[in-house]
Every structure is written in C-alpha cells, then in structure tokens.
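Here my numbering is used: position 4 in the sequence shown is 1321, and no number is missing along the way. Just so it is clear, CB atoms sit at the ideal spot from N, CA and C, and this is done for glycine as well. First the structure, in the form of structure tokens, and then the observations on it.
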Amino acid sequence: MITIKEVARHAGVSMSTVSYVLSGKRSISEETKRRVEQSIVALGYHPNAGARALASSRSHVLGLIVPLRSDHNMPVIMQFVSSIVASARDYDYDVLLLTKEAGPGEAHRVTARSMADAIIVMDVESADPRVPELREVDAPVVLLGVPDDHQGLNCVDLDFATAGRQMAAHLADLGHRSIALIGSPPAVYERGTSYAARLLAGFQHETGQRNLPASVHSCAADYESVSACLDDVLHSDRGTTGLVVHNEAVLGPLLLELRRRSLEVPADLSVITLCPDDVAQNLAVPLTSIAIPAEELGAIAVEMVTARLEREQAPEVRLLQPRLTNRGSTSAR
C-alpha cells in the first residue's frame, strides 16, 4: 500500500505539504500542488480514513511508547516521562502513554487511527524488532535510545559507550588495578537493551585497552542478590578495589551491605556510578557519578519530534556527552 511518506518523497516535499494539498487547509503554490497531485496519480495513492483525519487536522497528542517491565527502575523512568510531558505542554501537545508491552505494529496502530500525531519510543533494544515498522510509520518517530541498525531513524540518548569508558578510565587513572562492573538485572541484558549493552561495550573496551583486570556482574535489585553479587565481586582472588555501578536500584542496598561488612567508601573500595544526580548525591554516601540527564533527553526528544511535524528533516542521531561529577567516593590506590 502506497503511503503519504512515499508520495512526499516522490514529489520532493514534506509529508505535511502533502497533507495540506489533500485537506486544502493551507495555501500551497500551484507548482507544488501540481507536483504533489502528479505524484498521487503516478503512485496510485489512496488515503485511508486515518490518513485523511491526519491530513485534515492534528490531534495535538504525542504517543510515548514505554513498556513497563518488572526490571525497570520506575523512579528513573518517571523522570523521563515527566520531562516529556512537561516539554510537550510547551509545544501545546498532550502525551498518550502506551505502557503495554506491544510488539511491532503499535506505532502504526496509534498514528493510523489518528490517536497521536507523532511517536516517541523508549526501552530501545540493540536488535529492536520494531525498527522495520518504525521506518514505515506515516508520522514522525523519535527513539529515546539507539538500536544497532539506526539508519533512517531519529534517535537521542546519552553516549553510554563513552560513559562506560570514562568510568573505567577514572578508576584506572587513580591507580586501581582490578575493577568490577555491577550492571543491570539479568533480564535487561537478556533482552538486549541498548543502553546496557553500549555501556558494557565501552567499559570492556577501556579495560581491554589498558590491560586492566575487570569482571562484570549482572545484579538484581533485592538485598540477597546484592549480597551474593558482592561475595563474587570481592572474592580474594579478584583483588577488586574499584566498582563501576550501572544499576540505580542496587545503590542503596549496596552501600548498606558494604557498611555491614565494615568496608568504607572510598578508603576500602572506590565506587563510581551512572544514575540521576539527585540519586547519587542523596545516598548514605554521596557517589561520584555520571548523570543520566533525563530532563534534557526528554526535552530534546520532544523538540526533535515536533520539529519534524512542521518540516521534513534528515534523520539524525544525537548523543549527549557524559558529565562526571566527583563527590569523593573514589580515591587513589
């Protein structure tokens, strides 16, 4: 079935221009109108009911796809959601929150029924099965995350690979000669979540380049799992003196268990983490950290998707550079 996106590409105009030609809601030059009409005839385009509704009016709603899973850290997820909702209101848009774990087809369903003018997608996987569909949706789509195959897609995220490298380098530069990464819960890695995979790749790249002994430990958020994880991390054979933690939910139990074991941060063990600033600075021991800039990322995602509602733009990937704040939880060895 021919889509409005294909008509726009054939005519060399934006999708909104095709919509205005179909609806007559805006004045379009005769030359442009003729070119669009010729493309419609040449391609045999027939707008369906959803497309006609989208052409004639906007819902002024942005769809936000964020499946809520048991392994998600909800306070952090809600920071992203709150930022997107607040930023959308600045553009006079509301947000339709789509939390069901739906597979490919969800974005098309929502836009084809004129429930939303554009889509923001969270919880992006490295080999995300939704990618082929997202390329074909007749509406702007922005991913808050970066799949491995991101050609033709609009994405924004923190540069997690660089963050992994920077945290490993921070400990190495302080003289640590054996470090560990306490990472996300097993389900996050099994699902191939993009941010976790990219941070792990950055961490392993840096430690490999430096020939720095390093171990990786997936950890669930319950206290028993944290305790068992520390048993492995701190085994005498490893000689671990520095921790990189990429799992916000374990930070509280982790510090509590270290205290129970009479281990002081940073005198006995240096700890650096990736998490929101407010989390890092309000723990029992304020932690040196790289921030998850949820507010900034959410605002950029909204800015990108609304800009594409107004005009055709080339796909882009924006990666925010990590910002490290030293709160004294790491020290030289």
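- The alpha-carbon of I1357 is positioned some 13 Å away from that of Y1337.
- A direct Cα-to-Cα measurement between R1406 and T1320 gives close to 29 Å.
- In the three-state DSSP reduction, G1645 falls in the coil class, being neither helix nor strand.
- If the five residues before and after R1576 are omitted, its C-beta is found closer than 8 Å to the C-beta atoms of A1601, all from its own chain and listed in chain order.
- When the alpha-carbon of A1480 is set against those of H1522, V1454, C1472, the nearest one is in H1522.
- Counting along the chain, the unbroken beta strand (DSSP E) around G1380 starts and ends at 1378–1382.
- The DSSP-derived three-state label of L1626 is helix.
- For N1471, the beta-bridge partners assigned by DSSP are V1459.
- Within the region 1385–1436, the runs of beta strand (DSSP E) at least 3 residues long that lie entirely inside it are, in chain order, 1411–1415.
- The closest CA to that of E1612, considering only D1490, S1404, R1515, is found on S1404.
- Inclusion of M1484 and I1589 in the CB contact set at 8 Å is warranted, their separation being smaller than that value.
- Here the region 1629–1636 makes contact with the region 1468–1476; the two share three or more CB pairs at distances below 8 Å.
- For the options H1563, L1547, N1564, the alpha carbon positioned closest to that of G1556 is the one of L1547.
- Around the beta carbon of E1565, a 10 Å sphere encloses 16 or more other beta carbons of the protein chains shown; the residue is thus reported as buried.
- Per the DSSP secondary-structure output, C1546 pairs with nothing in a beta bridge.
- Residue state for A1486 is assigned as helix, using DSSP reduced to three classes.
- For T1647, the CB contacts under 8 Å within the same chain, skipping 5 residues up- and downstream, are H1487, L1488, L1491, G1559, P1583, S1587, V1588, I1589, T1605 in chain order.
- DSSP places S1501 outside both helix and strand once states are collapsed to three, so it counts as coil.
- Beta-bridge analysis with DSSP links E1442 to T1510.
- The residue among E1323, S1331, L1573, A1325 with its C-alpha nearest the C-alpha of E1629 is S1331.
- By the C-beta density criterion, A1444 is exposed, having fewer than 16 other C-beta atoms within 10 angstroms.
- Cβ-Cβ distances below 7 Å link P1570 to Y1540, V1543 in the same chain, with the five nearest sequence neighbours on each side left out; the list follows chain order.
- P1464 is a Cβ neighbour of S1511, given a cutoff of 8 Å.
- Of the candidates Y1410, T1334, L1339, Y1410 places its Cα closest to the Cα of A1616.
- Within its own chain, the residues whose Cβ lies closer than 8 Å to the Cβ of P1603, once the five positions on either side in sequence are excluded, are A1597, R1644, G1645, S1646, listed in chain order.
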